[in-house]
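Trainee:
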Amino acid sequence: MMDYHPLPQPDQIETRIKEDAMGAYFMMFATMAMGIPLPILNLVAAIIYYYVNRDKGKFVQFHTLQSLYSQIPVTLLNSGLVAWTIVNLVKDLDFTGFYWGYLVMVAAANLVYFVFSLVGAIRARKGLFYYFLFFGKLAYYQVYRIRPEGGQSVMRNKPPGP
Amino acid sequence: MKLSIQHQESYSRGELLLRTFFGWLYILIPHGFLLMFVGLWGAILQFVAFWVILFTGRYPQSMFEFQVGLMKWNLRVSARMYNVSDGYPAFGVKSTDEYTDLDIPYPEKVSRGLMLLRLFFGIFYVYLPHMFILMFRAWFVGILTFLAWWVVLFTAKYPNFMFDWVTGQIRWQLRVSLYMMYMTDTYPPFTGDELAEEV
Chain F
4 MMDYHPLPQP DQIETRIKED AMGAYFMMFA TMAMGIPLPI LNLVAAIIYY
54 YVNRDKGKFV QFHTLQSLYS QIPVTLLNSG LVAWTIVNLV KDLDFTGFYW
104 GYLVMVAAAN LVYFVFSLVG AIRARKGLFY YFLFFGKLAY YQVYRIRPEG
154 GQSVMRNKPP GP
Chain Z
9 MKLSIQHQES YSRGELLLRT FFGWLYILIP HGFLLMFVGL WGAILQFVAF
59 WVILFTGRYP QSMFEFQVGL MKWNLRVSAR MYNVSDGYPA FGVKSTDEYT
109 DLDIPYPEKV SRGLMLLRLF FGIFYVYLPH MFILMFRAWF VGILTFLAWW
159 VVLFTAKYPN FMFDWVTGQI RWQLRVSLYM MYMTDTYPPF TGDELAEEV
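Going line by line, the protein sequences match chains F and Z.
According to the working numbering, the first sequence holds residues 4 to 165 in order.
According to the working numbering, the second sequence holds residues 9 to 207 in order.
#1: Got a sec, what are the start and stop residues for the beta strand (DSSP E) D111 (chain Z) sits in?
#2: Pull up the CB-CB distance for D109 (chain Z) and P97 (chain Z), whole angstroms please, since I reckon it's below 8 Å.
#3: For R66 (chain Z), which of helix, strand or coil comes out of DSSP?
#4: Looking at the C-beta of L78 (chain Z), does it have a partner C-beta in chain F at a distance below 8 Å?
#5: Does the distance from the CB of F65 (chain F) to the CB of W59 (chain Z) come in under 8 Å?
#6: Just the Cα atoms here: how many angstroms apart are Q16 (chain Z) and D172 (chain Z)?
#7: Less than 8 Å between CB atoms is the rule here; does I52 (chain Z) satisfy it with respect to chain F?
#8: Using C-beta distances below 8 Å, list every residue in its chain close to M123 (chain Z), excluding the 5 sequence neighbours before and after it, in chain order.
#9: Under 8 Å between the Cβ atoms of L152 (chain Z) and W180 (chain Z)?
#10: Can you grab the Cα-Cα spacing for the pair Q75 (chain Z) / G100 (chain F), in whole Å?
#11: For E152 (chain F), go through chain Z and note every residue whose CB falls closer than 9 Å to its CB, in chain order.
#12: Which residue marks the beginning of the alpha helix (DSSP H) containing S120 (chain F), and which one marks its end?
#13: Given a cut-off of 8 Å on the beta-carbon distance, is the pair F62 (chain F) and A24 (chain F) in contact?
#14: Using only CA atoms, which one of Z:V101, Z:Y19, Z:F198, Z:S70 lies nearest to Y90 (chain Z)?
#15: Beta carbons nearer than 7 Å to chain Z: which residues of the stretch 46-73 of chain F have them?
#16: Under the three-state reduction of DSSP, which class applies to K10 (chain Z): helix, strand or coil?
#17: In three-state DSSP terms, what is R57 (chain F)?
#18: Along the stretch 23-35 of chain F, what residues have a CB closer than 8 Å to any CB found in chain B?
#19: In three-state terms, what does DSSP make of R148 (chain F)?
#20: With the cut-off set at 8 Å, would you say V109 (chain F) and N91 (chain F) are in Cβ contact?
#21: By the 10 Å Cβ neighbour count, where 16 or more other Cβ atoms means buried, how is W81 (chain Z) classified, buried or exposed?
#22: Which stretch, first to last residue, makes up the alpha helix (DSSP H) that contains D23 (chain F)?
#23: Using DSSP with H/G/I as helix, E/B as strand and the rest coil, what is Y72 (chain F)?
#24: Whole angstroms is fine: what's the gap from S73 (chain F)'s alpha carbon to F135 (chain F)'s?
#25: Under a three-way DSSP split, which group does Y195 (chain Z) fall into?
#26: Would you list the one or two residues that DSSP bridges to Y133 (chain F)?
#27: Using a Cβ-Cβ cut-off of 8 Å, state whether R128 (chain F) counts as contacting chain Z.
#28: Is it right to say I13 (chain Z) is buried, meaning 16 or more other beta carbons lie within 10 angstroms of its own, or is it exposed?
#29: With the cut-off set at 8 Å, would you say R128 (chain F) and E17 (chain F) are in Cβ contact?
#30: In the DSSP assignment, what are the bridge partners of Y135 (chain Z)?
#31: Taking DSSP as the reference, what is the three-state secondary structure of Y90 (chain Z)?
#32: Taking only three categories from DSSP, how would you classify Y114 (chain Z)?
#33: Report the CB separation of E206 (chain Z) from M9 (chain Z) in whole angstroms; it is logged as a contact under 8 Å.
#34: Find the nearest neighbour of Q12 (chain F) within the set F:P162, F:F138, F:Y144, F:Y133, judged by alpha-carbon distance.
#35: Classify Y34 (chain Z) as helix, strand or coil using the three-state DSSP reduction.
#36: Since M37 (chain F) meets chain Z, which of its residues come closer than 8 Å, beta carbon to beta carbon?
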């Protein structure tokens, strides 16, 4: 049985912390903010945001990590679409039905991600938790799990072998 | 907003010459390179802040402090490049400086209507009138900076009125930036002088 740290309640969380947690979900707009059509930038922004803010407490850490994890599949899908489009344009290939199917799927995935992120941001602003499918549990497990004492690996010097 | 640049008793002629001939190498390139990336991050946060303000009416405090830190960093570098401060500017958004300081009060509320007004019409009622004057002012400040360079070289002193003009130019530009970045709701005054409430 795994033990977890107790979850803070909304009235125990400072406004500033709630805002920092909310900001994590807006990293999906990083590409748009920079005006460069490279989906990978969203992921880079999410990673930077996570490392800049993770020391601000477990609430922020949970939301930034959840945002970061959920960004990965969307980034992969978007990157695939961008790469496919560029290859088709450069090599003057036809945009097949398979391409359009993939495009619609990516658009749908982005829409779902957008809606979930928006809900996540609103909940975070209110000091609430919101668990995404799979990524929510993963982030919760990583952030709130109580690690056993001495569980962290300690580096030890050893004499040379025989 | 309170921007202060210390008017030193005397300025180092050696540093002045070093900055003039090698400043691009040891100040502009390293700081400019880093500021480019940190500035990109600042642009992302600014974009995010816009949406947050639109829905909540508040500028997220951490993002606000980051932008202030970035402005302080820019100020440190600008002060050296204008030769109004000696010493090497510190790196980083959390660093401080013995000659320059910037204090921007955090606004608890930001007017959303005013923010949209700035977004759509800011170019007309803020940038156009201010930049028009700042452009002419910048030419004059350029001439003053050139003259001040010689004065510092021979006397090791930066003349008062020249110093005030240069500092005023930086202050004025910063006030316009603050307003257009939604960090204050106060329309920037048409002056580079310190206002009564800032003293």
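For every residue, glycine included, the Cβ atom is placed at its ideal position computed from N, Cα and C.
Mentor: According to the structure data:
#1: By one-based count along the second sequence, residue 111 (chain Z) stands at place 103. Its beta strand (DSSP E) spans residues 108-111.
#2: Mapped onto the second sequence, residue 109 (chain Z) falls at position 101. Mapped onto the second sequence, residue 97 (chain Z) falls at position 89. With 8 Å as the limit, D109 (chain Z) and P97 (chain Z) do not qualify as a contact, their Cβ atoms being about 13 Å apart.
#3: Within the second sequence, residue 66 (chain Z) is the residue found at index 58, counting from 1. Coil.
#4: Taking the first residue of the second sequence as 1, we reach residue 78 (chain Z) at position 70. Not closer than 8 Å to any Cβ of chain F, the Cβ of L78 (chain Z) fails to qualify, so no.
#5: Along the first sequence, read from residue 1 onward, the residue named residue 65 (chain F) stands at position 62. Along the second sequence, read from residue 1 onward, the residue named residue 59 (chain Z) stands at position 51. Taking 8 Å as the cut-off, the beta carbon of F65 (chain F) is found no closer than this to the beta carbon of W59 (chain Z).
#6: Counted from its first residue, the second sequence places residue 16 (chain Z) at position 8. Counted from its first residue, the second sequence places residue 172 (chain Z) at position 164. Distance from the CA of Q16 (chain Z) to the CA of D172 (chain Z), rounded to the nearest whole angstrom, comes to 13 Å.
#7: Walking along the second sequence from the start, residue 52 (chain Z) turns up at place 44. With 8 Å as the cut-off, I52 (chain Z) counts as an interface residue toward chain F.
#8: Against the second sequence, residue 123 (chain Z) aligns to sequence position 115. Correct list, in chain order: F58, I61, L62, Y190.
#9: Here residue 152 (chain Z) corresponds to residue number 144 of the second sequence, with the count starting at 1. Here residue 180 (chain Z) corresponds to residue number 172 of the second sequence, with the count starting at 1. Cβ atoms of L152 (chain Z) and W180 (chain Z): not closer than 8 Å.
#10: Within the second sequence, residue 75 (chain Z) is the residue found at index 67, counting from 1. Within the first sequence, residue 100 (chain F) is the residue found at index 97, counting from 1. Taking the straight line from one Cα to the other gives about 47 Å.
#11: Locating residue 152 (chain F) in the first sequence gives position 149, where the first residue counts as 1. Those within 9 Å of E152 (chain F) in chain Z number zero; the least Cβ separation is about 32 Å.
#12: As a first step, residue 120 (chain F) must be located in the first sequence, where it is residue number 117. Residues 100-128.
#13: Residue 62 (chain F) sits at position 59 when you count from the first residue of the first sequence. Residue 24 (chain F) sits at position 21 when you count from the first residue of the first sequence. Yes.
#14: Translated into the one-based positions of the second sequence, residue 90 (chain Z) becomes position 82. Looking at the Cα atoms, Z:Y19 is the closest of the given residues.
#15: A48, I51
#16: For the purposes of this step, residue 10 (chain Z) is identified with residue 2 of the second sequence, where counting begins at 1. Looking at K10 (chain Z) - three-state DSSP - the assignment turns out to be strand.
#17: Numbered from 1 along the first sequence, position 54 holds the residue referred to as residue 57 (chain F). It is helical.
#18: Judged by its chain identifiers, the structure shown contains no chain B, and its protein chains are F and Z.
#19: Reading the first sequence from its first residue, position 145 is the one you call residue 148 (chain F). The answer is strand: DSSP assigns R148 (chain F) an E or B state.
#20: Position 106 of the first sequence holds residue 109 (chain F). Position 88 of the first sequence holds residue 91 (chain F). No.
#21: Indexing the second sequence from 1 puts residue 81 (chain Z) at position 73. Flag for W81 (chain Z) reads buried.
#22: Here residue 23 (chain F) refers to the residue found at position 20 when the first sequence is read from its first residue. From DSSP, the alpha helix (DSSP H) with D23 (chain F) extends over 18-28.
#23: Within the first sequence, residue 72 (chain F) is the residue found at index 69, counting from 1. It is helical.
#24: Counting from 1 along the first sequence, the entry for residue 73 (chain F) is found at position 70. Counting from 1 along the first sequence, the entry for residue 135 (chain F) is found at position 132. One C-alpha to the other measures close to 8 Å.
#25: In the second sequence, the residue the question calls residue 195 (chain Z) occupies position 187. Y195 (chain Z) falls in the coil class under three-state DSSP.
#26: For this step, residue 133 (chain F) is matched to residue 130 along the first sequence. For Y133 (chain F), which the question treats as bridged, DSSP gives no partner whatsoever.
#27: The sequence position of residue 128 (chain F) within the first sequence is 125, counting from 1. Judged by the 8 Å Cβ criterion, R128 (chain F) is in contact with chain Z.
#28: Against the second sequence, residue 13 (chain Z) aligns to sequence position 5. It is buried - the Cβ of I13 (chain Z) has at least 16 other Cβ atoms within 10 Å.
#29: Taking the first sequence and counting its residues from 1, the one referred to as residue 128 (chain F) is at position 125. Taking the first sequence and counting its residues from 1, the one referred to as residue 17 (chain F) is at position 14. No, Cβ-Cβ distance for R128 (chain F) and E17 (chain F) is not below 8 Å.
#30: For the purposes of this step, residue 135 (chain Z) is identified with residue 127 of the second sequence, where counting begins at 1. Its beta-bridge partners do not exist; DSSP assigns none.
#31: Walking along the second sequence from the start, residue 90 (chain Z) turns up at place 82. Reduced to three states, the DSSP call for Y90 (chain Z) is coil.
#32: Reading the second sequence from its first residue, position 106 is the one you call residue 114 (chain Z). In the structure shown, Y114 (chain Z) sits in coil (DSSP, three-state: anything other than H, G, I, E or B).
#33: On the second sequence, position 198 is the one that residue 206 (chain Z) refers to. On the second sequence, position 1 is the one that residue 9 (chain Z) refers to. Yes, they are in contact, since the Cβ atoms of E206 (chain Z) and M9 (chain Z) sit about 7 Å apart, within 8 Å.
#34: Position 9 of the first sequence, counting from 1, holds the residue named residue 12 (chain F). Of F:P162, F:F138, F:Y144, F:Y133, the residue nearest in Cα terms is F:Y133.
#35: Working through the second sequence from its first residue, we reach residue 34 (chain Z) at position 26. Y34 (chain Z) falls in the helix class under three-state DSSP.
#36: Stepping through the first sequence from its first residue, residue 37 (chain F) is reached at position 34. Per Cβ cutoff of 8 Å: L48, A51, I52.
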